[in-house]
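Numbering (UniProt numbering), first residue to last: 1 to 155. Backbone N, C-alpha and C define an ideal beta-carbon position, used for all residues, glycine too. Keep in mind the model is a prediction, meaning the values are calculated, not measured.
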């Protein structure tokens, strides 16, 4: 009986240690999908410029398109760029042309293949991704949440 209680106690302690180890791994910050603030990219944009990366086969990208377009309409002309990466993988996906049409005239749009020049320069590893580029090509804010990126306002 004492042996059984001792074994059960040891088994419970082992389970507790494994659970704590798993909890530590779960709390690790997920990797960024775009370069973090403070990074530098080619300063080809007039600062400040909001750059958004979208993929035709990405559901969250479709959800964020209207908000991105609304921001572009409120921003100074030419200060919002959308990069559409890929062409839509399946028949259910929106095509790159459909996505460009949904972005409209308020946004300067670039269509590039996966691993293209802009997505590589910005270190994009997921979609949607947003970056606010400031003076000298310095990224002022970035991430997947457009609400966390400061607004550009036309004066």
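Helix, strand or coil at residue i according to DSSP, with G and I counted as helix
i	result
residue 1	coil
Presumed contact (8 Å Cβ cut-off) between residue i and residue j, rounded CB distance
i	j	result
residue 35	residue 122	6 Å
residue 125	residue 66	24 Å between Cβ atoms; not a contact.
residue 116	residue 85	6 Å
residue 177	residue 119	With the chain covering only 1 through 155, there is no way to say anything about residue 177.
residue 133	residue 45	5 Å
residue 108	residue 78	6 Å
residue 137	residue 41	5 Å
- Query: Which full runs of the beta strand (DSSP E) of 3+ residues lie inside the UniProt domain "Thioredoxin" (17-155), going along the chain?
  - Reply: For secondary structure counted as the beta strand (DSSP E) over 3 or more consecutive residues, the UniProt domain "Thioredoxin" (17-155) holds these complete runs in sequence order: 49-54, 80-85, 108-112, 129-133, 139-143.
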